[in-house]
Amino acid sequence: MALNDGKRVCALCDEKFKTMKELKKHYEESHDDLELKYEEHVFNTDKGFEKWKKSGIVKLKSERKRHEKIGGSVKCGKTCPAFMNAIREQKEEAIKITVEYQSMHAGHEM
Ligand SMILES: [Zn+2]
Ligand SMILES: [Zn+2]
Numbered sequence: 001m002a003l004n005d006g007k008r009v010c011a012l013c014d015e016k017f018k019t020m021k022e023l024k025k026h027y028e029e030s031h032d033d034l035e036l037k038y039e040e041h042v043f044n045t046d047k048g049f050e051k052w053k054k055s056g057i058v059k060l061k062s063e064r065k066r067h068e069k070i071g072g073s074v075k076c077g078k079t080c081p082a083f084m085n086a087i088r089e090q091k092e093e094a095i096k097i098t099v100e101y102q103s104m105h106a107g108h109e110m
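Numbering (the UniProt record's numbering), first residue to last: 1 to 110.
So, in structure tokens, the structure goes:
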């Protein structure tokens, strides 16, 4: 994932941030006209998660490819706020998959 490299650049005003978290906060505080669409999902089976991924993330994947294209060729690439984070925890038989998902795009052509 492209979420771990050095700089995040706001797609709207070119301000730079060290972490995605700071950039997220900036989007919320300085660009509240940009309506971020946060979703959180919790799954208790891998199957449920896979099913959700197939229904919704196929789209995100193709968008991510486009991000790489744009981000890779532009020197001061901007950071689109769209992302998906999945954390999988397992305790004996019990599985918990927490997904954080933001589907609003900015900073590049759709
Ligand atoms: Zn900004
Ligand atoms: Zn995007």
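C-beta: ideal position from N, C-alpha, C; glycine also.
Small disclaimer: the values here were computed from a predicted structure and weren't measured.
For the beta strand (DSSP E) holding Glu-39, just list the boundary residues, first then last. Locating residue 39 in the sequence shown gives position 39, counting from the first residue. Element bounds for Glu-39: 38 to 43.
Short check: CB of Ser-55 to CB of Ala-82, under 8 Å? Within the sequence shown, residue 55 is the residue found at index 55, counting from 1. Within the sequence shown, residue 82 is the residue found at index 82, counting from 1. Result no, Cβ atoms of Ser-55 and Ala-82 do not sit closer than 8 Å.
Unbroken alpha helix (DSSP H) runs of length 4 or more, entirely within the UniProt domain "C2H2-type" (10 to 31): which are they? 20 to 30
How close, in whole Å, do the beta carbons of Glu-15 and His-31 come, if the pair is a contact with beta carbons under 8 Å? By one-based count along the sequence shown, residue 15 stands at place 15. By one-based count along the sequence shown, residue 31 stands at place 31. The Cβ separation is near 10 Å, so there is no contact.
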